[in-house]
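Asker: Under the working numbering, the first residue of the sequence shown is numbered 1, with each subsequent residue one higher. Positions of the beta carbon are idealized from the N, C-alpha and C atoms, including for glycine.
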Amino acid sequence: MKGIILSGGKGTRLHPLTKVISKQLLPIYNKPMIYYSLSVLMLAGVKDILLISDKENLPLYQKLLGDGKNLGINISYKVQEEARGVAEAFLLGEKFIGKDNCMLILGDNIFYGNGFTGKLKETLLLKEGAMIFPIYNKKPENFGVIELKNDRIISLEEKPKIPKSNYVVPGLYYFDNTVVEKAKNIEKSERGELEIISILNQYLNEDKLFYNNLGRGMVWLDAGTFDGLLEASNLVQTIEKQQGILIGSIEEVAYRNGWISKEKLLELAEPLLKTDYGKYLVEVAKES
Numbered sequence: 001m002k003g004i005i006l007s008g009g010k011g012t013r014l015h016p017l018t019k020v021i022s023k024q025l026l027p028i029y030n031k032p033m034i035y036y037s038l039s040v041l042m043l044a045g046v047k048d049i050l051l052i053s054d055k056e057n058l059p060l061y062q063k064l065l066g067d068g069k070n071l072g073i074n075i076s077y078k079v080q081e082e083a084r085g086v087a088e089a090f091l092l093g094e095k096f097i098g099k100d101n102c103m104l105i106l107g108d109n110i111f112y113g114n115g116f117t118g119k120l121k122e123t124l125l126l127k128e129g130a131m132i133f134p135i136y137n138k139k140p141e142n143f144g145v146i147e148l149k150n151d152r153i154i155s156l157e158e159k160p161k162i163p164k165s166n167y168v169v170p171g172l173y174y175f176d177n178t179v180v181e182k183a184k185n186i187e188k189s190e191r192g193e194l195e196i197i198s199i200l201n202q203y204l205n206e207d208k209l210f211y212n213n214l215g216r217g218m219v220w221l222d223a224g225t226f227d228g229l230l231e232a233s234n235l236v237q238t239i240e241k242q243q244g245i246l247i248g249s250i251e252e253v254a255y256r257n258g259w260i261s262k263e264k265l266l267e268l269a270e271p272l273l274k275t276d277y278g279k280y281l282v283e284v285a286k287e288s
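Okay, structure coming up:
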């Protein structure tokens with residue numbers, strides 16, 4: 001099982017914030033945005049991860065995350081010379097994926113909700129086909145829209161002017177190994193991009209596209225806009241302050257997955273002890 005984080009794009013919706021830095025390195029409350037997408041793959045049990053970004057920002061990700069060994073995982077990196085669409089991730093990651101199945105997450109997507117980890121792990125039971133995670137949205141015209149009938153997927157459409165439903169496809173996907181060949185078969189859209197919808201429609205035509213509805217109570221935010229950044233930060237702050245837990249803590253996920261020891265967790269917390277983040281990791285390590 002492999003995982004890919006796509007942290008490309010020019011972030012033009014966030015200029016001037018992103019004129020000199022990737023949006024996925026911007027803060028969401030008390031952590032870099034990339035922590036949240038990385039933690040999702042880790043919650044799913046994925047240990048081999050490829051991070052794709054442009055050549056200017058890739059060294060910053062490497063400085064932040066390293067090779068992942070401190071977290072008991074393996075992180076490799078790939079340059080995306082130009083943003084050509086989400087589906088290009090599979091072309092860039094062909095050698096990395098090899099003969100395995102793959103989970104893809106967009107680096108600016110934030111997920112939180114009860115039962116989310118269970119849904120992720122359920123997905124890994126799927127050996128053939130693709131899985132998407134529809135969620136209800138008040139403004140579906142801004143996203144890829146899924147049409148359902150009798151618990152079956154009828155159609156998928158990217159940013160339609162007249163949406164056929166309020167269920168949208170967030171930036172989290174699971175694919176079997178045929179995804180690479182499918183990515184090679186698609187052509188650029190009118191926007192000049194290799195659209196992920198084009199790959200999903202190939203699976204749909206083969207009757208191998210499945211879905212796991214995230215349901216009510218699940219929160220998904222696209223943090224690629226100013227409002228999205230603020231909403232995500234406010235959400236994380238509210239939950240962490242009220243519940244006393246951290247969202248998107250990659251060190252905690254690694255520890256609770258059994259990938260690092262208590263001693264290692266305390267070692268990772270040491271340089272952070274002046275912050276509530278570091279103190280929280282110490283408390284986690286002290287739990288029985």
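1. Any idea if residue 244 is buried or exposed, counting beta-carbon neighbours within 10 angstroms, 16 or more meaning buried?
2. When every heavy atom of the ligand ADP is checked, does at least one fall within less than 7 Å of the C-beta of residue 220?
3. Since residue 171 and residue 109 are thought to touch, with beta carbons under 8 Å apart, how far apart are those beta carbons, to the nearest angstrom?
4. Considering only residues of the same chain and omitting the five flanking positions on each side of residue 32, which have a CB-CB separation below 8 Å?
5. For residue 77, I'd like the list of residues in its chain whose CB is within less than 8 Å of its CB, leaving aside the five on either flank, ordered along the chain.
6. Work out the CA separation of residue 184 and residue 207 for me, nearest whole Å.
7. Per DSSP, residue 216 forms a beta bridge with which residues?
8. Going by other Cβ atoms of all chains shown within 10 Å of its Cβ, with 16 needed for buried, is residue 133 buried or exposed?
9. What's the call for residue 140, buried or exposed, on a 16-neighbour Cβ count within 10 Å?
10. When the distance is taken between beta carbons, is residue 5 closer than 8 Å to residue 38?
11. Give me the residue from 225, 191 and 199 with the minimum Cα distance to residue 299.
12. For the alpha helix (DSSP H) containing residue 203, name the first residue and the last one.
13. Measuring CA to CA, which of 285, 277 and 131 is closest to residue 29?
14. For residue 223, which beta-bridge partners are listed by DSSP?
15. Around the Cβ of residue 123, are there at least 16 other Cβ atoms within 10 angstroms (buried) or fewer (exposed)?
16. Out of curiosity, what's the CA-to-CA distance linking residue 156 and residue 47?
17. Compare the beta carbon distance of residue 177 and residue 114 with 8 Å and say whether it is the shorter of the two.
18. Between 266, 146 and 45, which lies nearest to residue 204 when the distance is taken from Cα to Cα?
19. Is it the case that the Cβ atoms of residue 135 and residue 168 are separated by a distance below 8 Å?
Answerer: Let me spell this out:
1. exposed
2. With respect to small molecules bound, the structure shown includes none, and the ligand ADP cannot be examined in it.
3. 4 Å
4. 24, 25, 26 and 64
5. 50, 51, 52, 53, 58, 61 and 62
6. 20 Å
7. According to DSSP, residue 216 bridges with nothing at all.
8. buried
9. buried
10. yes
11. This structure cannot speak to residue 299, because the chain is shown only from 1 to 288.
12. 196-205
13. 277
14. DSSP, once it has assigned bridges, lists no residue as partnering residue 223.
15. buried
16. 30 Å
17. no
18. 146
19. yes
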